[in-house]
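Line by line, the protein sequences give chains A and B. For reference, each letter of the first sequence is one residue, going 347 to 789 in my numbering. For reference, each letter of the second sequence is one residue, going 2 to 218 in my numbering. Notes to accompany the following structure.
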Amino acid sequence: MATFPDREPVEDIGLDETIKKLTPEQIEKTILKVLNEESAARLKVFVDTCVHCGLCSNACHFYNSHDGDPKYAPVSKVKDTIWVMIKKKGKVDAEFIRGAARIAFTECNVCRRCSMYCPFGIDMAYLILTVRRICHLLGVVPQYLQDTVNSHAATLNQMWVKPDEWIDTLQWQEEEQLDEVVGARIPLDRMGADIMYSVIGPEPKFLPQLIGQMDQIMTVAGMSWTMPSLDGWDNSNMAMYSGDFETMARVERKHYDKALELKVKKIVMGECGHAFRGAAYDGPKWLGWKHPPVPLIHAVEFYHDLIESGKIKIVKKFEEPITVQDPCNIVRGRGLGQKLRYIMNATCSDFRDVEPRFEHNYCCNAGGGTINCGPPWKTTRVKGNRVKADQFRATGAKVIVTPCHNCHSGIEDIVSGYKLDMHVKFFSEILVECIEIPESLQA
Amino acid sequence: MDLYEIVRGPLAWVALLVFFLGTVYRIVSMLIEARKDKVVYPYMSLKYGLRSLMHWLIPFGSVNMRKRPVMTVVTFVFHICLVLTPIFLLAHIVLVYESWQVQWCSLPECAADVMSVLVVLACVYFLVRRIVSPEVQNVTFLSDYVLLAVVALPFLTGFLAYHQLGPYRPMLILHILTGEIMLVAIPFTRLSHMFFFFFTRAYMGSEFGNVRNARDW
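What follows is the structure, given as structure tokens:
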């Protein structure tokens, strides 16, 4: 049996208690089911082709931040989990499953940087997601992450937001905006609008001002838009990361059903990475769609189009030295790095770029479901991303723009963990400071 | 039949057949199983697959190659010499001509010499790297050492036999035998990366380029 090289003990009942209910037969059956029925050529070829060269190691922020500790190399993470499961044909014990879950859920962000460093382009993120699938089917998932997935399953949103709470939040934000912008109403369920705007789960609970800001932006830009009044408003998808693909698909299905029902031309979503990935790729894949049935536009692309086309005018620039994070799921995952820099340069007078950047930028270490594993794993996350702190420190900036919810929270943790003395903002927070509200719309 | 006639005759047939048919078998079964992996065929793109392959087949074409210049030089030299030497070696061409009356141009003898030595030296570099670098040592198994030997031995014994260093006939038999072992190993071990590389790279290039509008090098 593979032994797990030394790690600090961390208590998480989602792992510690759930493994007590496992039997060897159940473990074996589940692993074989996933390996034989749910996986096919990719799994086999990615595992067989790896020549054990270790060239992927310096791709990973965990490996680099732990000063080259070999157990954090992407190939090592895969070796300690799926390789063992394959070699032993599923005959592994419950302790092994706990160790594998720890690695797969908290020590890898499935950010795909390693596939750009591996000469073969082996998709190690896919292999880790397969391990997560197995762990989910066995019920072994970090507790906080499982809670958000339960919320998705019960309420179709991530944060146990009830329908009346959702509408209350929208009305509250609408009122706030009406104090500044004439006509800044949030149209609910408007059929035939051009755009359906969907938000990320935590927004109504923790960051409602972001909804208000988008209301202002849409109104000033004169967009024909709407928002769902009920289910389908949450585009986030934690189930994608826990391996609960069935719930993932249900959430995405509702999201797109809502857009189709409202007959909108496209869905614009807020600043989030994983939500984009789930809605644009992983959800549709499981549902059998090659492309989403309604085009999905990420906020960065939306802002870029608004600024470039002149639908919103920038009259003021953000003066403080500022830098940016390239969220994995929209840069490696969508190529939006250039558009992000366009909007940064359009709104900021002292924009300092990071090194490395674009597809080669490091993950924030909060994405891929890791920050959603909750407080027990915060130290793992912060210790595993010293390189991100070094990157930002080198820019000399005072503010970091993170067009992604997970990046925002994760980088806040890094800023405080490494005492960087910087602030973290979403792009919309910068944008609303810089745009011109036409006289006719000024309240 | 003595040992020489066996390795020169029937075993050579076996090795070549296993190599060719084994390779075909592995690739065809991969192509068939890829249909079960719903995303593979829909995502594949000739343009983006080739774009990625191009960046990874040219020395220093990718960021990681530039970060590791020594490894890049060694592995390119190793692979080029590994492939070209057996195919363009005069002695091998003579054997093929004797059997099938087909011939093609050959390498100058001293070039073939240098190339064989480079292959062996590269294998030494890979061996040292496996032992000395912690991240490589962590994913090294007995089979990795065995495979290095399987690859190095035909070149080493071939060089020694050609220069008649050591007892000639046994060295020659050893060369042919280790060559046959390598041929047979290719389709059924990690040496299959020889052909799988093109598929995995093209797939990743397609997924990054065609689907995600991003670059994977």
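The C-beta atom is built at its ideal place from N, Cα and C for all residues, glycine as well.
Practice problem: Measure from the C-beta of B/F21 to each C-beta in chain A and report whether the shortest distance is under 8 Å. | Solution: The residue labelled residue 21 of chain B in the question sits at position 20 within the second sequence. No, no contact with chain A.
Exercise. Taking only the alpha-carbon atoms, compute the straight-line gap between A/K744 and A/S762 and give it to the nearest angstrom.
Key: Along the first sequence, read from residue 1 onward, the residue named residue 744 of chain A stands at position 398. Along the first sequence, read from residue 1 onward, the residue named residue 762 of chain A stands at position 416. Approximately 13 Å, taken between the alpha carbons.
Quiz item: What residues from chain B crowd round A/E705, counting only those whose CB sits closer than 7 Å?
Solution: Your numbering for residue 705 of chain A matches position 359 in the first sequence. Contact annotation for A/E705 against chain B: A215, R216 [CB-CB distance below 7 Å, chain order].
Quiz item: Hey, is the region 448 to 461 of chain A in contact with the region 715 to 729 of chain A, meaning 3+ C-beta pairs nearer than 8 Å?
Solution: Segments in contact, yes.
Quiz prompt | Close-in-space but distant-in-sequence residues of the same chain around B/M45 (CB under 6 Å, 5 per side omitted) | solution = On the second sequence, residue 45 of chain B is found 44 positions in, with the first residue counted as 1. Hits under 6 Å: S207.
Quiz prompt | Where A/E705 sits in the DSSP three-state scheme | solution = Against the first sequence, residue 705 of chain A aligns to sequence position 359. In this structure, A/E705 counts as helix in the three-state DSSP scheme.
Quiz item: At a cut of 8 Å, does the region 398 to 412 of chain A reach the region 516 to 533 of chain A through at least three beta carbon pairs?
Solution: Touching, no.
Quiz item: Thinking C-alpha only, which one of B/R27, B/P87, B/L173 is nearest B/F200?
Solution: Looking up residue 200 of chain B in the second sequence gives position 199. Checked all of B/R27, B/P87, B/L173; the closest Cα to B/F200 is B/R27.
Practice problem: Report the neighbours of B/V147 on chain A: residues whose CB is nearer than 8 Å to its CB, in chain order. | Solution: By 1-based counting over the second sequence, the position of residue 147 of chain B is 146. Taking the beta carbon of B/V147 as reference, no residue of chain A falls within 8 Å; the closest one sits roughly 12 Å away.
Quiz prompt | Alpha-carbon spacing of A/A740 relative to A/I546, whole angstroms | solution = Locating residue 740 of chain A in the first sequence gives position 394, where the first residue counts as 1. Locating residue 546 of chain A in the first sequence gives position 200, where the first residue counts as 1. The alpha-carbon atoms of A/A740 and A/I546 are separated by roughly 31 Å.
Quiz prompt | Within 8 Å, strictly: CB atoms of A/N711 and A/T494 | solution = Along the first sequence, one-based indexing puts residue 711 of chain A at 365. Along the first sequence, one-based indexing puts residue 494 of chain A at 148. No. Outside cutoff.
Exercise. If I'm right that A/V610 touches A/T572 with Cβ under 8 Å, what's the distance once you round it to whole angstroms?
Key: Along the first sequence, one-based indexing puts residue 610 of chain A at 264. Along the first sequence, one-based indexing puts residue 572 of chain A at 226. Contact between A/V610 and A/T572 holds: CB atoms are separated by about 7 Å, below the 8 Å threshold.
Practice problem: With DSSP as the reference, please indicate the residues paired to A/C694 in a beta bridge. | Solution: Along the first sequence, one-based indexing puts residue 694 of chain A at 348. According to DSSP, A/C694 bridges with A/F664.
Practice problem: Give the secondary structure of A/L553 by DSSP, where H, G and I count as helix, E and B as strand, and everything else as coil. | Solution: One-based indexing of the first sequence puts residue 553 of chain A at position 207. Three-state DSSP puts A/L553 in coil, outside helix and strand.
Quiz item: Closest to A/M768 by CA distance: which of A/A539, A/Q737, A/P784 is it?
Solution: In the first sequence, counting from the first residue as 1, residue 768 of chain A sits at position 422. Taking A/M768 as reference, the option from A/A539, A/Q737, A/P784 with the minimal CA-CA separation is A/Q737.
Quiz item: Under the three-state reduction of DSSP, which class applies to A/D759: helix, strand or coil?
Solution: Here the question's residue 759 of chain A lines up with position 413 in the first sequence. A/D759 falls in the helix class under three-state DSSP.
Quiz prompt | Straight-line Cα distance separating A/K734 from A/A440 | solution = Taking the first residue of the first sequence as 1, we reach residue 440 of chain A at position 94. Taking the first residue of the first sequence as 1, we reach residue 734 of chain A at position 388. Rounded to the nearest whole angstrom, the CA to CA distance from A/A440 to A/K734 is 34 Å.
Quiz item: Three-state secondary structure (DSSP) at A/M564?
Solution: Residue mapping note: residue 564 of chain A aligns to position 218 of the first sequence, counting from 1. Collapsing the DSSP output to three states places A/M564 in a helix.
Quiz item: Mind checking B/P111: buried by the 16 CB within 10 Å criterion, or exposed?
Solution: If you number the second sequence from 1, residue 111 of chain B lands on position 110. Looking at the sequence shown, residue 111 of chain B is not Pro but Cys. Burial call: exposed.
Quiz item: For the alpha helix (DSSP H) that contains B/H80, what are its first and last residues?
Solution: Taking the first residue of the second sequence as 1, we reach residue 80 of chain B at position 79. Counted as a single uninterrupted DSSP element, the alpha helix (DSSP H) harbouring B/H80 occupies residues 70 to 89.
Practice problem: Please check if any C-beta of chain A sits within less than 8 Å of the C-beta of B/T24. | Solution: Walking along the second sequence from the start, residue 24 of chain B turns up at place 23. At least 8 Å separates the CB of B/T24 from every CB of chain A.
Quiz item: To the nearest whole angstrom, what separates the beta carbons of B/T215 and A/G679, a pair I think is in contact under 8 Å?
Solution: In the second sequence, counting from the first residue as 1, residue 215 of chain B sits at position 214. In the first sequence, counting from the first residue as 1, residue 679 of chain A sits at position 333. Here residue 215 of chain B turns out to be Ala, not Thr, going by the sequence shown. Right, their Cβ atoms sit about 7 Å apart.
Quiz item: Are the beta-carbon atoms belonging to A/Q489 and A/G360 less than 8 Å from one another?
Solution: Residue mapping note: residue 489 of chain A aligns to position 143 of the first sequence, counting from 1. Residue mapping note: residue 360 of chain A aligns to position 14 of the first sequence, counting from 1. With respect to the 8 Å criterion, A/Q489 and A/G360 are classified as neighbours on the basis of their beta carbons.
Practice problem: Say whether chain B places a C-beta atom closer than 8 Å to the C-beta of A/P722. | Solution: In the first sequence, counting from the first residue as 1, residue 722 of chain A sits at position 376. Chain B, which has no Cβ nearer than 8 Å to the Cβ of A/P722, makes this no.
Quiz item: Once you ignore the five residues that flank B/P155 on each side, which residues in its own chain have a CB closer than 7 Å to its CB?
Solution: If you number the second sequence from 1, residue 155 of chain B lands on position 154. Scanning its chain for C-beta atoms nearer than 7 Å, with the 5 sequence neighbours on each side dropped, one finds around B/P155 the residues H176, T179, G180, M183, in chain order.
Practice problem: Answer with yes or no whether the minimum CB distance from B/K68 to chain A is below 8 Å. | Solution: Start at 1 with the first residue of the second sequence, and residue 68 of chain B comes out as number 67. Closer than 8 Å: yes.
Exercise. Measure the alpha-carbon distance for A/N503 versus A/I513 and round it to whole angstroms.
Key: Taking the first sequence and counting its residues from 1, one reaches residue 503 of chain A at position 157. Taking the first sequence and counting its residues from 1, one reaches residue 513 of chain A at position 167. Approximately 14 Å, taken between the alpha carbons.
Quiz item: Between which two residues does the alpha helix (DSSP H) containing B/L128 stretch?
Solution: Position 127 of the second sequence, counting from 1, holds the residue named residue 128 of chain B. Residue range 110 to 133 is occupied by the alpha helix (DSSP H) that includes B/L128.
Exercise. Let me know if A/S786 comes out buried or exposed under the rule of 16 or more other beta-carbons within 10 Å of its beta-carbon.
Key: Within the first sequence, numbered from 1, the residue matching residue 786 of chain A stands at position 440. Under the 10 Å beta carbon count, A/S786 is surrounded by fewer than 16 other beta carbons and is classified as exposed.
Quiz item: Quick one, which residues of the region 190 to 203 of chain B are near chain A if we go by CB-CB under 8 Å, in chain order?
Solution: Look at the region 190 to 203 of chain B: the residues with a C-beta under 8 Å from a C-beta of chain A are R191, S193, H194, F197, F198, F200, T201, R202.
Exercise. Return the residues of the region 463 to 476 of chain A that lie within a Cβ-Cβ distance of less than 7 Å from chain B, sorted by chain order.
Key: Residues Y463, P465, F466, G467, I468, D469.
Self-check item: Partners in chain A for B/V41, counting only beta-carbon separations shorter than 8 Å
Solution: Taking the first residue of the second sequence as position 1, residue 41 of chain B is located at position 40. Within 8 Å Cβ-Cβ: A387, R388.
Quiz item: What residues from the region 387 to 413 of chain A come within 9 Å of chain B, judged by C-beta to C-beta, listed N to C?
Solution: Those residues of the region 387 to 413 of chain A placed with their C-beta closer than 9 Å to a C-beta in chain B are A387, R388, L389, K390, V391, F392, D394, T395, C396, V397, H398, C399, G400, L401, C402, S403, N404, A405, Y409, ordered along the chain.
Quiz item: Between the region 100 to 118 of chain B and chain A, which residues of the former have a C-beta closer than 7 Å to a C-beta of the latter?
Solution: Identification of residues in the region 100 to 118 of chain B having a C-beta nearer than 7 Å to some C-beta of chain A yields an empty set.
Self-check item: A/A605 and A/M542 closer than 8 Å at C-beta
Solution: Here residue 605 of chain A refers to the residue found at position 259 of the first sequence. Here residue 542 of chain A refers to the residue found at position 196 of the first sequence. Contact: yes.
Quiz item: Going straight from the alpha carbon of B/W14 to that of A/H412, what length do you get?
Solution: Counting from one through the second sequence, the residue named residue 14 of chain B turns up at place 13. Counting from one through the first sequence, the residue named residue 412 of chain A turns up at place 66. A direct Cα-Cα distance of roughly 52 Å separates B/W14 from A/H412.
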